[in-house]
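Same order as they appear, the protein sequences are chains F and H. For what it's worth, my numbering labels the leading residue of the first sequence as 1, then goes sequentially. For what it's worth, my numbering labels the leading residue of the second sequence as 1001, then goes sequentially. For each residue, glycine too, the CB sits at the ideal point set by N, CA and C. Values in this document were obtained by computation on a predicted structure and should not be read as measured data. The structure appears below as C-alpha cells.
There are 2 protein chains.
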Amino acid sequence: MKHNYLDNIPLEEAKEKFFSLIKNNFKHSSEIIPTAEAAGRVITEAAYAQICSPHYNASAMDGIAVSAKDTYGASESTPTILSPDRYTVVDTGDSIPDDKDAVIMVEDISFEPEGRVKIISSVHPFQNVRQIGEDICMGDMIAPSFTVITPPLCGAMLAGGITKVPVIKRPSVAIIPTGDEIVPPTENPEKGQIIEFNSSIFSGMLKEWGAEPKIYPIIPDKKELLKEKIKDASEKHDAVLILAGSSAGRDDYTCEIIKELGSVCVHGIAIKPGKPAVLGKIGKAPVVGLPGYPVSAIVVMREIVKDMIVFLSQGKIKEEEKITALLGKRIVSSLKYREYVRVTVGKIGENYVAVPLPRGAGIVTSFTKADGIITVPQNCEGIEQGEDVEVTLISSHKDITSSIIVTGSHDPIIDEINDILKIKGYPYSVSSSHVGSMGALNAVKMKQAHLGGTHMLDTQTGEYNKSYIEKYLDSKDATLIKGIGRIQGLMVQKGNPKKIHTFNDIVGHRYANRQLGSGTRILFDYLLKKHCIDKADIDGYGNEEFTHTAVAAQIAGGNADCGLGIYSAAQMYGLDFIEITVEEYDFIVNNDFIGTPMYNAFTEIFRSDELKKRMKKMGGYCFE
Amino acid sequence: MKHNYLDNIPLEEAKEKFFSLIKNNFKHSSEIIPTAEAAGRVITEAAYAQICSPHYNASAMDGIAVSAKDTYGASESTPTILSPDRYTVVDTGDSIPDDKDAVIMVEDISFEPEGRVKIISSVHPFQNVRQIGEDICMGDMIAPSFTVITPPLCGAMLAGGITKVPVIKRPSVAIIPTGDEIVPPTENPEKGQIIEFNSSIFSGMLKEWGAEPKIYPIIPDKKELLKEKIKDASEKHDAVLILAGSSAGRDDYTCEIIKELGSVCVHGIAIKPGKPAVLGKIGKAPVVGLPGYPVSAIVVMREIVKDMIVFLSQGKIKEEEKITALLGKRIVSSLKYREYVRVTVGKIGENYVAVPLPRGAGIVTSFTKADGIITVPQNCEGIEQGEDVEVTLISSHKDITSSIIVTGSHDPIIDEINDILKIKGYPYSVSSSHVGSMGALNAVKMKQAHLGGTHMLDTQTGEYNKSYIEKYLDSKDATLIKGIGRIQGLMVQKGNPKKIHTFNDIVGHRYANRQLGSGTRILFDYLLKKHCIDKADIDGYGNEEFTHTAVAAQIAGGNADCGLGIYSAAQMYGLDFIEITVEEYDFIVNNDFIGTPMYNAFTEIFRSDELKKRMKKMGGYCFE
C-alpha cells in the first residue's frame, strides 16, 4: 500500500505556477463566423467599420423631405406653400433625395389642394436627417481585439458592414471520470457503486462559463488505459479535467500519468476543501486533476478552472456579488488551509445573517442550499459568531431578501410549504436549516431566523413548547404560533424482526439517536427516564442523526434496529411503526416578522387546504 | 397619409396590463429530459430523492475498515494488533463490509508481518464512515417546483437517484423583421436600404435570457402577408416580436394586425427611447411590436421583454449591479417620459463618474460604448452636472475600475492604443469620448477623466496647448505630456472636382465644420481670421461634426465639398488632401493618474514601436 504525500502550496502561488505554465507559447485558435450569430463570442482582432451607418442621408422622421432654403421665413403668420416638386414624402429611414437636405415632420404640415403642402416653420439643413456616419463612420474602430461581442455590438458591427468576424473558438474541455467503483447515473445502484454525477456538475459549470464540455466514458483504474485516454483527450481538446484520482491513494494515477505525458506544476493546494488537486499541462492543453469529493472539486473548479476558461476563451464571467453579513455560528478552521465555507444567507430585520452549512466534502447539497461562500484565510483559526464576514454570493441579492429563514426542528411540511409558495407564484422561498427545537429558540432569539419549528415537551407539566418560550425568550421578541399535532413513535425494520413492541424492548438492540437539542431527543431522554432505562444501556446512544428521515435511513439500511421519529418518515421508508405519543409541532416567530408580506404568505400556505391534502397523504399529522 | 396618435402610459401601468393579459389562463409547457443535461433548466415539479446518498455506508478515507469494538483500548503505549480477518483495506468511497462499522485512516496504521496491522488509537462506530443518507435521505425534497437547476443541483438530483426531470420548455420566440427598405446584412447596401441588424441584437439578448429565438425572413410592408406571418408565428412559438412597424406612420400595420388577430393592451409607453411599443397577445402567445430604432427597441427589450421571458421560462437572469456615480454632464429630460440615458462610467480617484453618451435613438454604438444606464424619472426635468446618480451597470465593476478614461480630442491612435493594450494582455482598456480639445481641459479639471488629447493653437504665440493649460489648469492638478505631430489640411472629394487648392478656395463651396471647442475648429476659426474670411460666407459653418472621420464621411458622401481634418481620415475615405499645417497633439493628464499602473501601461503603449508602425501605416503623423 503506497502512499504519496501532497504539497500544500498557497492558492495564489499554485495559480501563478499553473498560469505561467499554460500561457507559455500559447496561441488562441480562431474561426470566422457570421457576425449575425456572433453574440457572446470574442473577436480575435479589432473590428473596423467597412461602411458608414447610416450609409446615406436618412430621414429621422415620418414627414416630407425638402430643401431647407425653400422653408426659410415660414411661420404661423406667413406660412410657406410647397408645390409637389419641392417635397418628397418620406418615412423614417427613407433616403433623402439628392436635391433635398432636411425633413419636416408629419405633425407640422398640412396638405392643401393639388398636392401642395403648407408649412409653418422653417428647417435648417440636415434638420431631422440622420446624416451619413451619424452612428458609425467607415474606418472607425468599433471594438478592439478580444472584445466580448454583446448583442448591441453584434448590431453595431453589422451596421458597419462587417458581416463576418474572426472569433476565438469556444474552448473544448474533456471531462474524464475515472474509478472502478464509478457507475453512470442510475436509480438502482448496487452497494459500493458510486453514481458518477460530478461530470454533470462540471459540464454545467463549463457551459455557464462559455466552454464546450465533452464527457468521456468512465475509465476504470487501469493505468495504461487511463494514460491512453488522457493522451487522446489532450490532443483533441483545449483542456482536460480528470475526475478523482488526484489524491495520493491506492489507485490514484492521475499525477503520475500527467508527469509521464507532460508536466505537473502543482500537486496539493492549501485550500479546504480541494487540497488534492493536480495542475499540469500535456502538449499545449492545460490538465487539471480534480479531487473526487464533489464539494472539493467544485471549489477547485471555481477557484482555478474558471480562470483557466477565462484565459482560454478571453470571455467574461459575471462577477459574483459580495455582501457583508453577521456570522450566525462560530467557524473553527485549520491554520494550514484557506477554507471555503458554504453558508445560507438571510435578511433578518436590517441585517444579513450568514449561517454555515455542513462542511463535509461529500455533502453536495451544501452547494445546492448555499446562498454564498465565506473564505477563512490560511493562518486563521476561525471566526466567532456575530462577527462581520464577507460573503461571496451564489444566490442573487433578490433571492436572499425574499427568503423566509426557517431554522429549527425539521418537518417535511416546511419543504412542502416552500413548494406550494413556488407553485402559487409567490416571489418568496423558504430556506430551512435543521438544528432541532432548541436551535429554533436560539435562532429566533439571536435574530438569525424569521421563525423556527419546535416540539419540546415540558416533562414537568406535560405541555409542549410554552414553558420553554417563556423561560428563554422575551414576549416582546417572539411569539408562539400554534402548529400541528404529529405522531411520534418507534420506527423499526419492516416486519419488526427484532420484535420491538414496547419502549422497553429497545434495550439490547441498536438504536439510531437524534442530536442534542432536538425535540425528539428531549422526548427520548424523557421516555428513558420514565421507563428507568440507563442511557449507557442504549447501543448507539452516541450516534446522532439530524432529521427523521436520516434516522429512518439508518434503520432501513441496517445500521440500526430502531429509532424514535415521526410517522411520515417511517412510512416513506416502508418501516414498521409503534406509536408512542402525539406531540405539538409549533412555530416560534420573530415578532418583527409577523405581519410582513412574507409572514402572511407563509401562514396562508400553512393554513391552506393544499398543504392539508399533502399532509394527509404523508400521514401521521393531526390538525383541526 | 394617415396618422394615429399613440398612448403615453407609464411603464409600470403598461407592464401591469401586459402581464395580467398574458398570465391569464397561462400554463407552462414542459418536457422530460435527462437530469445529467438539465443544468440551467427549470423543474416543473418538486424533486424528491429516490435513494439515499450515499446509498450504502462508504469509507470516507483511504485506510482499513474495522469493527470499532475491536479497537477500544488501543493507544501508543498499548497498541492493538489486528489479524487479517479483522480488517479490510478500503479506498475512499468503498463500501464498508457488513461486519465492520468504522475506518482507520492509512496514516494511522502500520503493517506487521503476516498481514497483521498495528493500530495506536481507537475509533468509535461510524468514525470515518459516510453513513447512508449523510448527504441526501430518500424522500427528502431536494428542490421545490420551479427551481433553476444549478450544476450542483444537477449533481444532487443524480446523487438522489433522479435520472430524468420534467423541465419547462425553453420559450421559443419568433422575431419578425418588417419593412420594404430592410435588407439582410451586407457589405454593400444601396442608398435607402437599411441593414437589418436588429434581429441579431434581439436574438442575442433572448439567448442570454434563456429563450430560443427564431428569426423570420424580412416581411415587406404588405399588410395581408404580414398578418399571415404573424398568425403563423403566434401559433408556432411561445412569443412573437415584430420589429419596426410599431409606430403610427404610413406603413405601420403592427398594431392593427395584432388587434385583428388577438388583442392589444398598450400602444405607446411613457418611456424615451422606446415610446412606440405595442403590447398584446394572439392566442396564448404574448406579442410585442418593437420600435424600429435599435436603441428604442433595446430599451423595450430590457424593460419589458426580459420580464416576459422570465415569466415564460421561470428562469433567473443575473441582476445588474447598481452603483452611485457623479454625473459628468447635465442631462435635460422631458417631463412626459421616463428617460433612459446611456453613460460611460469611470473611476477617477475615489469617485465614479458617469458621462452621458449621445442620446439619439439610432445610435446603436451608444449601447456598445455604454457602461451603464441612468433612469431619469417621468416628471423630472433633468439632472445637474455633479449630482449623484444611480447607474445600472452593463459593464462589470471590474471593467469600470480598469478603464482608462480618455476624454478630449479624438484621434484614431487612442483606439489603436486600446487595441494594443488588449493584444498585449493588459487588464486595462481605454474608454474614450470625443468632446474636443477644450473638453479635455474641462474633463481633467473636473476630475472626470484620467487624461485627454488636445491640440489647441494659441493664435498669439503660434504655440500649441501650453498656454491653455497654464491659463485653465493648476499645475498641481494636471500635466501636459508631449504627444505627436499631426498633419492637418483640407479634405476634398477625390480628384478635387471643385478645384480647391488654397484655403481661400473654400468660399462658395459646402464646408463640413467641427464642433466648438475642438482643436480643429480653433484652427479653422484662426485660419478664417488670418485669411480675412467672414464665417457668414462659409456654407455649412453651422453644421458641426464631432470627429475627423465624420467630416470625411460628409465629404465622401456628397454632403459637403471640403472640411478641415487630419491626413489619416482623408486617406481612409480616399479623399484628396491639401496640407495646411503640422499641429501638436498632446495629452493633458490628471496628476493623480500619473505613475499608476494604468498610466504606465498607457504610456508604454503610446511609446511602443507597435503603435508607431500602425501610425506610419495610417499616415500623416510625425514623431521623433
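query	result
Backbone CA spacing between I162 (chain F) and T1368 (chain H) [nearest angstrom]	15 Å
Neighbour list for I1363 (chain H) in chain F, Cβ cutoff strictly below 8 Å	E134 and D135
For L457 (chain F), the residue or residues it bridges with in DSSP	F:Y464
Segments of 4+ residues assigned as alpha helix (DSSP H) that fall wholly inside the region 454-535 of chain F	466-472 and 519-530
The region 490-499 of chain F contacting the region 513-531 of chain F, beta-carbon criterion three pairs below 8 Å	no
Assigned exposure category for D1371 (chain H) - 16 Cβ within 10 Å defines buried	buried
Any chain H beta carbon closer than 9 Å to Q554 (chain F)	yes
Contact between the region 1052-1072 of chain H and the region 1024-1041 of chain H (3+ Cβ pairs under 8 Å)	no
Environment of E1384 (chain H) [buried if 16+ CB atoms lie within 10 Å]	exposed
Opposing strand residues paired with I1219 (chain H) [DSSP bridges]	H:T1178
Chain F contacts made by the region 1158-1171 of chain H, where a contact means CB separation under 7 Å	L1158, A1159, G1161 and T1163
Chain-ordered chain F contacts of N1198 (chain H) [CB-CB under 7 Å]	G155
9 Å Cβ cutoff, A569 (chain F) in contact with chain H	yes
Backbone secondary structure at Y1621 (chain H) - three-state DSSP	strand
Distance CB(I1168 (chain H))-CB(Q1314 (chain H)) smaller than 9 Å	yes
Pairwise C-alpha distance: Y1216 (chain H) and G1574 (chain H)	38 Å
Runs of alpha helix (DSSP H) lying entirely within the region 345-392 of chain F, each at least 4 residues, in chain order	365-369
Continuous alpha helix (DSSP H) stretch holding S1431 (chain H): start and end	Not the alpha helix (DSSP H): S1431 (chain H) falls in the beta strand (DSSP E), residues S1429 to H1434.
Within-9 Å CB hit, H1509 (chain H) to chain F	no
Cβ-heavy atom distance, D1232 (chain H) to the ligand ZN, below 8 Å	The ligand ZN is not among the ligands present in this structure, which contains no ligands whatsoever.
E1016 (chain H), DSSP secondary structure in three states	helix
Any C-beta of chain H under 9 Å from that of Q131 (chain F)	yes
Neighbour flag for R318 (chain F) against chain H, beta carbons, 9 Å	Reading off the sequence, residue 318 (chain F) comes out as Lys, not Arg. Yes, its Cβ sits closer than 9 Å to a Cβ of chain H.
Contact set between S1145 (chain H) and chain F, taken where Cβ atoms lie within less than 8 Å	D419, K422 and I423
Cα-Cα separation, A443 (chain F) to Y567 (chain F)	27 Å
Best match in H:A1102, H:G1408, H:A1074 and H:G1268 for proximity to Q1515 (chain H) [C-alpha to C-alpha]	H:G1408
Delimiting residues of the beta strand (DSSP E) encompassing G1133 (chain H)	That residue, G1133 (chain H), is in no beta strand (DSSP E); it is neither H nor E in DSSP.
Segment limits, beta strand (DSSP E) that includes G565 (chain F)	C562 to I566
Start and end residues, alpha helix (DSSP H) containing A556 (chain F)	H548 to A556
E321 (chain F) at chain H interface by Cβ criterion, 9 Å	yes
Residues bridged to A1143 (chain H) [DSSP beta-bridge criterion]	H:A1047
Same chain, Cβ closer than 7 Å to E107 (chain F), five either side skipped, listed in chain order	none
Limits of the unbroken beta strand (DSSP E) element including T88 (chain F)	T88 to V90
Three-state class that DSSP yields for K1002 (chain H) in the structure shown	Only weak support is given to the placement of K1002 (chain H): the predicted model assigns it a pLDDT of 45, under 50, and the value that follows is read from those uncertain coordinates. K1002 (chain H): coil per DSSP, three-state reduction.
Proximal residues of chain F, C-beta to C-beta of H1397 (chain H) below 7 Å	E319
M456 (chain F): contacting residues in chain H (beta-carbon distance under 9 Å)	What M456 (chain F) touches in chain H: nothing, since even the nearest Cβ is about 23 Å away.
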